[in-house]
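This report concerns only the one structure given below.
There are 4 protein chains.
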Amino acid sequence: MGIRIGILGCGRIGQVHALSIARVSEAKLVAVGDANPAAAGACARRFGAEVREPSAILASKDIDAVVIAASTPTHCDMIHAATAEAKAIFCEKPIDLSSDRVRRCIEAIDRAGIPFMTAFNQRFDPHFGALRQRVAAGDIGDVETVSITSRDPSPPPADYVKGSGGLYRDMMIHDLDMARFILGEEPVQVFAVGSNLIDPAIKGAGDVDTAAVILTTASGKICQITNSRRATYGYDKRLEVHGSKGMLRVSNIPENMVERATSAGFESAVAQAFFLERFEAAYLAEMRHFVEAVSSGRKPQPDAQDGLRAQLIADAATQSWREGRPIKIED
Amino acid sequence: MGIRIGILGCGRIGQVHALSIARVSEAKLVAVGDANPAAAGACARRFGAEVREPSAILASKDIDAVVIAASTPTHCDMIHAATAEAKAIFCEKPIDLSSDRVRRCIEAIDRAGIPFMTAFNQRFDPHFGALRQRVAAGDIGDVETVSITSRDPSPPPADYVKGSGGLYRDMMIHDLDMARFILGEEPVQVFAVGSNLIDPAIKGAGDVDTAAVILTTASGKICQITNSRRATYGYDKRLEVHGSKGMLRVSNIPENMVERATSAGFESAVAQAFFLERFEAAYLAEMRHFVEAVSSGRKPQPDAQDGLRAQLIADAATQSWREGRPIKIED
Amino acid sequence: MGIRIGILGCGRIGQVHALSIARVSEAKLVAVGDANPAAAGACARRFGAEVREPSAILASKDIDAVVIAASTPTHCDMIHAATAEAKAIFCEKPIDLSSDRVRRCIEAIDRAGIPFMTAFNQRFDPHFGALRQRVAAGDIGDVETVSITSRDPSPPPADYVKGSGGLYRDMMIHDLDMARFILGEEPVQVFAVGSNLIDPAIKGAGDVDTAAVILTTASGKICQITNSRRATYGYDKRLEVHGSKGMLRVSNIPENMVERATSAGFESAVAQAFFLERFEAAYLAEMRHFVEAVSSGRKPQPDAQDGLRAQLIADAATQSWREGRPIKIED
Amino acid sequence: MGIRIGILGCGRIGQVHALSIARVSEAKLVAVGDANPAAAGACARRFGAEVREPSAILASKDIDAVVIAASTPTHCDMIHAATAEAKAIFCEKPIDLSSDRVRRCIEAIDRAGIPFMTAFNQRFDPHFGALRQRVAAGDIGDVETVSITSRDPSPPPADYVKGSGGLYRDMMIHDLDMARFILGEEPVQVFAVGSNLIDPAIKGAGDVDTAAVILTTASGKICQITNSRRATYGYDKRLEVHGSKGMLRVSNIPENMVERATSAGFESAVAQAFFLERFEAAYLAEMRHFVEAVSSGRKPQPDAQDGLRAQLIADAATQSWREGRPIKIED
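Listed in order, the protein sequences are those of chains A, B, C and D.
Under the working numbering, the first sequence has 34 at position 34, and the numbering climbs by one with no breaks.
Under the working numbering, the second sequence has 20 at position 20, and the numbering climbs by one with no breaks.
Under the working numbering, the third sequence has 133 at position 133, and the numbering climbs by one with no breaks.
Under the working numbering, the fourth sequence has 299 at position 299, and the numbering climbs by one with no breaks.
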């Protein structure tokens, strides 16, 4: 019969997960809940699920696992409630903007011994995933430097920015997790710069729209990350790893394979325009991984510790940007 | 409520169309039929349709349109039966291996005034479709030469080859239709060569496994086509058009965007390996086009005449290969 | 002291060879001659050589080898004269437009036992040369199909066309030699089409400006060639070989590596614009090969037989175009 | 008659400049000098110049301009001597490892009013030059971020490293000048990290072999630079600029255009392997620029101030690496 799942939060990302669940044969979406009943109703109709109160989903006997996709400030309470009910948890990032609260969640999760997965979907992208496997297989020898580029199609609304924890915690956190995933060693220091070059409203909200960081590990590996809230030629998401024997990289995926050449030169298509399109396969693969792990009693990856580690780096990057100095990353 | 559809023939391609119908909201798959009841049953279960005898589907009052995906020799009888029942018809290529029989089908279709679509799915590929639109928009001036490459992953079984009408009618027919689609002018002559370089069983079945043709139009446009039953680096499907002001082309889609560089050079992924993967979007788009045309009372494209024209060129190519001389294409 | 060379013909291509000789340390340019004394004088000044009458160069005791770069109709007489003086000969293609006259040149060359090289410079291009070596090394298994593309920047003047022997003998002959070089087997049949799509003056001169041929070998290998007197995005010179285990190709060389991406897509540079630039390294390498062969007493390659074979195919292609049927290629 | 030039220092780079002078028609190489007479002799023979003592070259009446290509510690004395003799100066980078000494050179140069050019050859690379022009022309709007990658084929000997001033002053200085060239605004702060991942001898010499920096400008533009003394797939030299309206980048130049595809994927050539090959055109263009500027009485670019600015950033980067904190760049 498979894993019976309830979704908490029916916004854009909740619906992405609902679609993934519909595509995973060992999973069944039983119920969805949202603070906004209309959103829950629309999602329930689209995917053939019931609408229930979030609190009811967390207590339902016919639900084995919950997907936490509500707003960040609600995550911790939901995690504690789900833990108390021994439900497996698939939680959107960030777990919480406070690392102390995240640590208390981890204690509860560990005590309960329940499966918990942090939704760093980009680890499940077939391109990044294949690159990581080849790095791990020694295809380029020992890793020396990593370079990650992320440019979002357009800046988020200032209102969103205010509650987001800032660019380093909201946007760069995916790249920070990817850096850990690829480096094979924990970053021990971060130096961050940030600028306001795109949208004055983001500055007004106390955040930056353009940023770069340098991470270093104990053995001297170096990772550079560039983030921008502006992408001029499609969603820009690239990764390049240099090792002692070679380089591996993932380029953007063009929107189409049509090329024109004239006396003015060659022209080809922009990159795929949006992360939902670029990471469609990754969203499905991460849900499949979660369901298979829960089904078979294995621990899903990345786990809550992975969520915490990325947030600690994001916290340090935020502090580095504010204080203008490199920051040691907490153990 | 949308267009109610029955599928005749539940083999690989029938199932592809069933999946497309499931994804088109204005269509509903009512029933499926196949000479092999087990195949019909499996398809019906997968897509939530009834199993009916093919003859019953053709006569069903609750069916508006039929998808003819059974073996080629059964097509004409099914077309005549569907025409008699005034059903819209979506027919796999080739309509029939005899151009005379195809002409009689066309007479019946025209008399009945029913919508008829020949399933040249590659016209609906987003890449080839975009290229065609740009050619038509004058992006490269007047078309001068066209070059089309198709290499299949592996040769079909000799048994299949025997009933297929040969490479020019079975495989190259897609490229011949594409040539007409892009040239904007009918080919008037074809010269074909063919060789046996891959599989002796194909020679034993009286067919070739490697072929090339040159098509010419009345105004002097030239189209070259290469076909091979062997593709060494994934399914190889490319198109290049030169005009008075430039060139447009469609390249293969790589399986992934991972690239490695070492002292031995750069390495990147093979092309997508199979036509079902390469043309997934095209199969959906052609069904959507058919359903929308039928819904709105417009004629779908490509129609039965398009099917006939491509077959006449394939017939002429076959004759050219056999007789070793260029052949004028019948009007 | 090296090989002492005289150049016969100081037009564009004669000057290219003079420059190559200046760069080859084992060679010395002694004298140049041209029907036009001013041309000879300019060339002599530029490269520090003497001006002599062509007939004097052919008889000079201080000259070991001659470069025949005068107009095609003068080649045969020069070859016979140089043969009589036992000079090594480097001869521009075509040797002569009459294959009978070429055969008589070959008889004289063979009798005299002198080194003779036909200047198919494209064999010495580092890109095509590397491809050929990899084909010969079995990198792609057995050759099955070859595809060659040549598009010239712009049509030659009609006056030139009249004496050129036509596109197949004047322009395609390079590709026909390349086909022999890569196929590893003699073509036995050619089918050619030709059109007038670019310049009416070329039609007026009895020639075509756009052409395609299919060559076949005894074992069934197929080679397609496309030629156009119009290149819209730089000089277009490409080669693609498919074998039983893979494909090798040479793409155009971009004018620069600058790429721009905007919301309209990616833009990059046109191909190098002219054959003198594209084949600069090839011109030098062929002269180095000639000088080294003559110095060491080895026979240079390609030889007069190679010149003859390519012309016989060009003759057959011309006949095929005129008569509209495939033509067997003479032994 | 053109500019009469003397070269001071006949090592690898001195010979590169001698070759460039030979190719510039408005320039004449009169004499060369080197602390090692054999080196001077070989260079003089190769380029048809006299050997003179460096001090004699600086005092020669028949010399208009000097190329200073001797070891770095000798530069300042040579500059003061050349200034006293009112010779135009073409000086290798770095001018000197001490910014104070450089400032005193600049004072002398300014007092004397002589033309002085710092040999940042990469500004004259046709690819980087074209990119810079397009940035300046507004092709991508306002510059936001710049990313520069340099990977050298192999680490220099430890002995060289000891006197080099370290990676930031010796290798990265080219990228720091390029950053200034492209950003269109002075960097005001630098943060640098450095690691020893390649050659322990470099660590022994007190230097790093792998490094990254972040530069920021007053308006918030961000530039990231990565350097490594190891290049695994040819000399790796890339530049990418993002602006408000698009991106411009320069990729590596492949060694050849041959591509192979098999069931294992596509393979293509490594990047050109060495900076002398990659920047051959740039070396010629910078010398041509110097000669034309001196001939016409214009000031050559980049000048001594450009040399100083790049060194001040390199000094700050070195300090940042040593002290582990961002450093303000001196005005």
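By construction, the Cβ of each residue, glycine as well, lies at the ideal position given by its N, Cα and C atoms.
Query: Can you list, in chain order, the residues of its chain with a C-beta nearer than 8 Å to that of M247/B? Leave out the 5 residues immediately preceding and following it.; Result: I140, E240, V241
Query: Within 8 Å (strictly less), CB to CB, does M257/D reach chain C?; Result: yes
Query: My output table needs one value for S25/A: the three-state DSSP class, helix, strand or coil.; Result: coil
Query: Among A82/A, I225/A, I68/A, E92/A, which residue has its Cα nearest to the Cα of A112/A?; Result: A82/A
Query: Return the CA-CA distance between C91/D and F124/D, expressed in angstroms with no decimal places.; Result: 15 Å
Query: Using the beta-carbon of each residue, which ones in chain B are nearer than 9 Å to G220/C?; Result: V193, G194, S195, N196, L197, V208, T210
Query: Output yes or no for whether 8 Å exceeds the beta carbon distance between G234/B and E259/B.; Result: no
Query: Below 8 Å on C-beta distance, what does P126/A contact in chain B?; Result: N256
Query: When the Cα atoms are used, what is the spatial distance from L29/C to A35/C?; Result: 18 Å
Query: Would you kindly report the start and end of the unbroken beta strand (DSSP E) that includes S212/D?; Result: Looking at the sequence shown, residue 212/D is not Ser but Ala. Per DSSP, A212/D belongs to the beta strand (DSSP E) from 210–217.
Query: Secondary structure at I173/A, three-state DSSP: helix, strand or coil?; Result: helix
Query: Return helix, strand or coil for G194/C, following the three-state DSSP convention.; Result: strand
Query: Under the DSSP definition of a beta bridge, which residues are partnered with D236/C?; Result: R151/C
Query: If we require 3 or more residues per run, which beta strand (DSSP E) segments fall completely within the stretch 44–78 of chain D?; Result: 65–68
Query: In chain A, which residues lie less than 9 Å from T149/C when you measure between Cβ atoms?; Result: Neighbours of T149/C on chain A: none; closest Cβ ~13 Å, over 9 Å.
Query: Could you tell me which residues DSSP puts in a beta bridge with T226/D?; Result: T149/D, A212/D
Query: Have a look at the DSSP bridge pairing and note the partners of Q189/D.; Result: T216/D, K328/D
Query: Can you list, in chain order, the stretches of the alpha helix (DSSP H) that have 4 or more residues and sit fully within the stretch 84–129 of chain D?; Result: 99–112
Query: At 8 Å on the CB atoms, spell out the chain D contacts of L284/C, in chain order.; Result: Result: empty, since nearest Cβ-Cβ is about 15 Å, beyond 8 Å.
Query: So, does the CB of G265/D fall closer than 8 Å to a CB anywhere in chain B?; Result: yes
Query: Over the uninterrupted alpha helix (DSSP H) stretch that includes R288/C, give me the two end residues.; Result: 280–296
Query: Per DSSP, which residues does H242/A bridge with? Please list them.; Result: T145/A, M247/A
Query: From the DSSP secondary-structure annotation, give me the bridge partner or partners of G265/A.; Result: T262/A
Query: Quick one: give me the first and last residue of the alpha helix (DSSP H) that G313/D is part of.; Result: Per the sequence presented here, residue 313/D reads as Ile, with Gly not at that position. Element bounds for I313/D: 304–323.
Query: Count the other CB atoms within 10 Å of the CB of E330/B; is the residue buried (16 or more) or exposed (fewer)?; Result: exposed
Query: Cα separation between Q311/B and A304/B?; Result: 11 Å
Query: Only counting the same chain, and skipping five residues up and downstream in sequence, which positions put a Cβ closer than 8 Å to that of S332/D?; Result: Nothing about residue 332/D can be read from this structure; chain D reaches only from 1 to 331.
Query: Considering only residues of the same chain and omitting the five flanking positions on each side of G220/B, which have a CB-CB separation below 7 Å?; Result: none
Query: Using 8 Å as the limit for Cβ to Cβ distance, is T226/B near chain D?; Result: no
Query: Kindly examine the ligand SAH and report whether one of its heavy atoms sits closer than 7 Å to the Cβ of A42/D.; Result: Ligands are entirely absent from the displayed structure, and the ligand SAH is therefore not among its contents.
Query: Please compile the residues from chain A whose C-beta is within a distance smaller than 8 Å of the C-beta of Y233/C.; Result: A261, T262, S263, G265, F266
Query: If you drop the 5 nearest sequence neighbours on each side, which residues of the same chain put their C-beta closer than 6 Å to that of G165/B?; Result: L97
Query: Assign K237/B to one of two classes, buried (16 or more other C-beta atoms within 10 Å of its C-beta) or exposed (fewer than that).; Result: buried
Query: Are the C-beta of G324/A and some C-beta of chain D separated by less than 8 Å?; Result: yes
Query: Starting from I7/D, trace the alpha helix (DSSP H) both ways and give me its first and last residue.; Result: I7/D -> not in any alpha helix (DSSP H); beta strand (DSSP E) instead, spanning 3–8.
Query: Does any residue of chain B have a CB that is nearer than 8 Å to the CB of G163/C?; Result: no
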